[in-house]
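Each remark here refers to the structure printed beneath this line.
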Amino acid sequence: MSDIVTVENMCLWYGEHQALKNITIKIPQKSITAFIGPSGCGKSTFLKSLNRMNDLIQGVKITGDVKYNGKNIYDPSVDVNELRREIGMVFQKPNPFPMSIYDNIAYGPRTHGIRNKAKLDEIVEQSLKDAAIWEEVKDRLKKNALGLSGGQQQRICIARALAVKPKVLLMDEPTSALDPISTSKIEELTVKLKEEYTIIIVTHNMQQAVRISDQTAFFLLGELVEYGNTETLFSTPKDQRTEDYITGRFG
Amino acid sequence: MRSRFDEQLAVLNREMIEMGALCEEIILKVLKALTEEDSQLLKGIPSLGAEIDRKERTIETLCLKLLLQQQPVARDLRQISAGLKMITDMERIGDQAEDIAEIIPFIENRPEAADALLHDMAKAAIHMVTESVDAFVDQNVELARKVIKEDDVVDHYFTLIKQTVIREIAKAPGDGECSVDLLMIAKYLERIGDHATNIAEWVVFSVTGIHKEA
Chain A
1 MSDIVTVENM CLWYGEHQAL KNITIKIPQK SITAFIGPSG CGKSTFLKSL
51 NRMNDLIQGV KITGDVKYNG KNIYDPSVDV NELRREIGMV FQKPNPFPMS
101 IYDNIAYGPR THGIRNKAKL DEIVEQSLKD AAIWEEVKDR LKKNALGLSG
151 GQQQRICIAR ALAVKPKVLL MDEPTSALDP ISTSKIEELT VKLKEEYTII
201 IVTHNMQQAV RISDQTAFFL LGELVEYGNT ETLFSTPKDQ RTEDYITGRF
251 G
Chain B
1001 MRSRFDEQLA VLNREMIEMG ALCEEIILKV LKALTEEDSQ LLKGIPSLGA
1051 EIDRKERTIE TLCLKLLLQQ QPVARDLRQI SAGLKMITDM ERIGDQAEDI
1101 AEIIPFIENR PEAADALLHD MAKAAIHMVT ESVDAFVDQN VELARKVIKE
1151 DDVVDHYFTL IKQTVIREIA KAPGDGECSV DLLMIAKYLE RIGDHATNIA
1201 EWVVFSVTGI HKEA
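Below, the structure is given as structure tokens:
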């Protein structure tokens, strides 16, 4: 399996504060990689740096290499909009736009210049199907997306991310605001999506990491402490800090 | 941080130690009955066996509860899953001790040559059980590995007893039944050694995460 995202010696500062220290990691394509660690360990910061969401924050400084398909994403020649089309993101709280379900999904493709109605219809349907929510909303595509339940809204957000045909999907605690049934739907969806996409997920739910991810990376105080096969990491962790964290001995 | 879980694990540990102690007790009683030819000693065996069975069920229930409630990972997961496997071996040790106890009344006229070997074999097997339980209690990988090696000694005794039994049958075919019973006891002791080995292997797994090193 080839690596789609490779990071070498990456450091990140928020002003004077160093939030990430010498991160080196290779993320294989078409798999699920989970980032775990206590609050403030840098995992979300790291996730956001993979599609340059941190560009929006003042005073951020990044050194080292962050490569997507072999190309440094912080190179001045990189088109950030195009990068974010390839590397999409789903956030902790479902954040559909205050518009119809249809327009939510069509928003991205329209931004990227698709105007043809039949083409948009096709993209909307396929994206909703891929996000496992088509059956629930196909008869009310014109209704406002904010009228849906939290779990449905989150799947709309996933569909919206899929509509621009990304290669990588970054998910920042996508189920932490959802009930168990919605959570399990998103988890099943995620596992299905890895056939086509590379998924990187930040989660505070360790059982979720165990259930769905292929690799797990444990972050602590801005360092990547341990990274490897999920089953191995959760049954025989190599680093004492990993052991202590996953067994709940500190935090 | 996780005091309740640690308390529950401590209870599990205590129950395992108690079950191990019951296994030692039952085979020591059987050995004594064998050595002293005192059939009175055999009376307590079935109730000890039943107690071991109850202990197995208690520990099983506790392990399942811990898996459900705590969703353990890493060392905790290994300890609990190893515990679940070990109690099966402990329960079998109890059963085999009972099996031996049932045969003892029928081997009163056993030949001396086999008798000495049988005592030594029983001692070696009991030693393995005691040490495997100790290894578990202390999470002592070195001791566990020693137990695994000792299985060869017990196996060797079995071969010696088998050869003796063959000679005895050739010498006095009329006493064949007693000889075969002796062989059965030897086989049960050999199995007890195997179960102690399994326990030791689970101790190694519990500590290192590696089961059965090649």
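Chains A and B are the protein sequences, given in the same order.
So in the numbering used here the end of the first sequence lands on 251, straight run, no missing numbers.
So in the numbering used here the end of the second sequence lands on 1214, straight run, no missing numbers.
Positions of the beta carbon are idealized from the N, C-alpha and C atoms, including for glycine.
Closer than 6 Å: residue i CB and nearest the ligand GTP heavy atom
i               : result
residue 1200(B) : The ligand GTP is not part of this structure, which contains no ligands at all.
Cβ pair residue i, residue j closer than 7 Å
i               : j               : result
residue 60(A)   : residue 54(A)   : yes
residue 198(A)  : residue 168(A)  : yes
residue 173(A)  : residue 92(A)   : yes
residue 1150(B) : residue 1121(B) : no
residue 1038(B) : residue 1103(B) : no
residue 214(A)  : residue 44(A)   : no
residue 1049(B) : residue 1020(B) : no
residue 96(A)   : residue 145(A)  : yes
Residue-level contact to chain A via CB, residue i, 7 Å cutoff
i               : result
residue 1002(B) : yes
residue 1113(B) : no
residue 1193(B) : no
residue 1076(B) : yes
residue 1071(B) : yes
residue 1083(B) : no
residue 1209(B) : yes
Test: residue i CB closer than 7 Å to a CB of chain B
i              : result
residue 247(A) : yes
residue 243(A) : yes
residue 218(A) : no
residue 76(A)  : no
residue 198(A) : no
residue 237(A) : yes
Top-ranked residue by Cα proximity to residue i, from the options
i               : options                           : result
residue 160(A)  : 138(A), 189(A), 102(A) and 114(A) : 102(A)
residue 1008(B) : 1080(B), 1030(B) and 1108(B)      : 1080(B)
residue 1082(B) : 56(A), 97(A), 235(A) and 203(A)   : 235(A)
residue 225(A)  : 233(A), 232(A), 39(A) and 242(A)  : 242(A)
residue 1205(B) : 1086(B), 1041(B) and 1105(B)      : 1086(B)
residue 220(A)  : 36(A), 196(A), 141(A) and 105(A)  : 36(A)
C-alpha gap between residue i and residue j, whole angstroms
i               : j               : result
residue 184(A)  : residue 139(A)  : 24 Å
residue 211(A)  : residue 1071(B) : 12 Å
residue 133(A)  : residue 192(A)  : 13 Å
residue 147(A)  : residue 123(A)  : 22 Å
residue 246(A)  : residue 1074(B) : 8 Å
residue 1057(B) : residue 1063(B) : 10 Å
residue 1125(B) : residue 1045(B) : 18 Å
residue 1139(B) : residue 83(A)   : 52 Å
residue 1033(B) : residue 1101(B) : 8 Å
residue 1118(B) : residue 1141(B) : 29 Å
residue 127(A)  : residue 39(A)   : 32 Å
residue 206(A)  : residue 1155(B) : 46 Å
residue 1059(B) : residue 1084(B) : 8 Å
Residue-level contact to chain C via CB, residue i, 7 Å cutoff
i              : result
residue 122(A) : Looking for chain C here will not work: the only protein chains present are A and B.
According to a CB-to-CB cut-off of less than 8 Å, which residues of the stretch 1010-1027 of chain B neighbour chain A?
-> none
Residues in the stretch 22-56 of chain A having any Cβ partner in chain B nearer than 9 Å | none
Of the residues that make up the stretch 204-232 of chain A, which ones have a beta carbon closer than 8 Å to any beta carbon in chain B?
-> 206, 207 and 210
Residues from the stretch 86-104 of chain A in contact with chain B, defined by Cβ distance under 8 Å = none
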